[in-house]
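Going by this note's numbering, the first residue of the sequence shown is number 1048, and it counts up by one from there. Take a look at the structure set out below.
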Amino acid sequence: MTSSFTDKNEYLKYFQARDYLGTYYTFDSCDVSENRLLTFTLEKLHQTFSSGNITGDILIDIGTGPTIYQLLSACECFREVIATDYMDRNRQELEIWLKKESGAFDWRPVVKFVCELEGDSEKWREKEETLRRKVTQVLPCDVTKKNPLDPLVLPQADCLLTFLCLEAASKDLDTYGQAVKNITSMVKPGGHLVLLVVLKETYYMVGQHKFSCLYLEKQHVEKAIEEAGCSVEHLELFPNLEKDTCALADYDAALYLVARKTDP
Ligand SMILES: C[S@@+](CC[C@H](N)C(=O)[O-])C[C@H]1O[C@@H](n2cnc3c(N)ncnc32)[C@H](O)[C@@H]1O
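Okay, here's the thing in structure tokens:
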């Protein structure tokens, strides 16, 4: 595959949930600290959601993929969590974990890490059950549509997460800006957006396949957020120190960002 944009058909053909999980979320020694981006992200999510400032009825995660790590801290703060993804296979993988079916991916090292941040790693079973209970729907979604959940229309969410999705789904900066607007329309005025974005990345690997990523600089993300009627409340950068030694992805840094929707 060339470095050109990975379109939806290629995602359907080549993005294997198990390869993705195996590459980015499997830990040889059950020690999550070997994945520095993941531990950074979990720590930031813990800080954001343990503050008690972001709570409400509905949390929507856009482009959940086959992963649950991003929901572990947040699920404590909302009555209901709605997971979404473009691909059936990812949604199925998620359902397997939610329904505790055989062969479900083992998220225990990650769940225990989050419970440790919350003060008691022994509570991992409770945490898993809380998340399973709170995820009420796993829905198809396409961020390039004006209503990403089309034809469904949901009440606006109190908070929306999107981790490592929009830069994978957007072929250029205009599409990215529009995708940010599309997902922001799903949030209540005064509600929050929490994003994890990789900067200056051109590709990431899933199994043997290379997936494109829109090359984004920090100011591109800030501009898109502001043009979607949001103001940035918190922003942190995480440098990729393994850029030259790890061929899995070529991002320069990851950006963790919390914004508030100010315009209706
Ligand atoms: C790099 S994965 C991120 C998955 C997960 N959020 C994580 O943090 O690991 C990118 C995700 O974006 C999804 N995706 C790609 N194009 C999309 C689109 N147009 N609308 C919604 N999701 C899309 C893919 O199916 C995939 O699950």
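Quick reminder that beta carbons are idealized off the backbone N, C-alpha and C, glycines included. Model, not experiment: these values are computed from the prediction.
Local Cβ density within 10 Å of residue 1119, reported as buried at 16 or more and exposed below that | buried
Sequence-distant residues of the same chain with beta carbon closer than 6 Å to residue 1049, five excluded per side = For residue 1049, the predicted model reports a pLDDT of 44, less than 50, meaning its position is unreliable and no value from the coordinates is stated.
Ignore the nearest five residues each way along the sequence and tell me which others in residue 1193's own chain have a CB closer than 7 Å to its CB.
-> 1229
Exposure of residue 1266, with buried meaning 16 or more beta-carbon neighbours within 10 Å = exposed
Endpoints, the alpha helix (DSSP H) within which residue 1157 is located = 1155 to 1164
What's the call for residue 1051, buried or exposed, on a 16-neighbour Cβ count within 10 Å?
-> exposed
Does the Cβ-Cβ distance between residue 1299 and residue 1257 come in under 8 Å?
-> no
Measure the beta-carbon distance from residue 1111 to residue 1125 and round it to whole angstroms, keeping in mind my assumption that it falls under 8 Å.
-> With a Cβ gap of about 15 Å, residue 1111 and residue 1125 do not count as contacting.
Exposed unless 16 or more other CB atoms sit within 10 angstroms - verdict on residue 1291 | exposed
Is the beta carbon of residue 1233 less than 8 Å from the beta carbon of residue 1187?
-> no
In three-state terms, what does DSSP make of residue 1131?
-> strand
In this structure, does DSSP put residue 1300 in helix, strand or coil?
-> strand
Using beta-carbon positions only, say whether residue 1301 and residue 1279 come within less than 8 Å of one another.
-> no
Taking 7 Å as the cut-off, is the CB of residue 1134 close to at least one heavy atom of ligand 1?
-> yes
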